[in-house]
Structures are given as structure tokens and as C-alpha cells.
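Q: In my numbering, the protein residues as written are 101 to 182.
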């Protein structure tokens, strides 16, 4: 089972392909919602050396970044070895 943890936003890397899908209107709407309700859904990350790579939750990450937050709740996903 995945365990919710707190991650420093500055250590999260967003792949270029994922960053291209960013919608500023969604970020603004989420930021406004987070001001009232906080972060309700954790993001998903995978470890990559000293940093974490974003798997899911770009708009939540950018909304919290826009609000000046330094941390975000997320799940650390471990890749399966085949």
C-alpha cells in the first residue's frame, strides 16, 4: 500500500513532455480551491537519485508552487523490476 509523504517542491522534476500539457486556467482554479480546502489529492512521484520525477499531478504541483508552498503531499511509487 502506498504511504502518503511530504516532499519538497524544489526537488521535483517535471519531464518536458508532461510540462507541455500545463493549463494555466486549471492551475488558477486549483490554487483557489486549495486556499479553501487544502490539498485533497496527493501527487505521484518516483525517485531518481537526489530528486523525484513527477508521474501524476502537474496541475496540483503548479497550483501549490503558485501559492508559494515549499512542500506537497504525494505517494512515492516504486518501479517494478521485470
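Where is the CB? At the ideal position from N, CA and C, for every residue including glycine.
#1: Are there three or more Cβ pairs, one per stretch, closer than 8 Å when the segment 105 to 115 is compared with the segment 155 to 166?
#2: Decide if residue 124 is buried, meaning its Cβ has at least 16 other Cβ atoms within 10 Å, or exposed.
#3: Tell me whether residue 140 counts as near the ligand NAD, meaning its Cβ is closer than 8 Å to at least one heavy atom of that ligand.
#4: From the DSSP output, in three-state form, read off residue 167 for me.
#5: If you compare alpha carbons, which of 172, 178 and 177 is closest to residue 131?
A: This is what the structure holds:
#1: yes
#2: The residue labelled residue 124 in the question sits at position 24 within the chain shown. Exposed, by the Cβ-count rule.
#3: This structure lacks the ligand NAD, and indeed carries no ligand of any kind.
#4: Counting from 1 along the chain shown, the entry for residue 167 is found at position 67. Here residue 167 sits in coil by DSSP.
#5: By one-based count along the chain shown, residue 131 stands at place 31. Of the candidates 172, 178 and 177, the one whose C-alpha sits nearest the C-alpha of residue 131 is 172.
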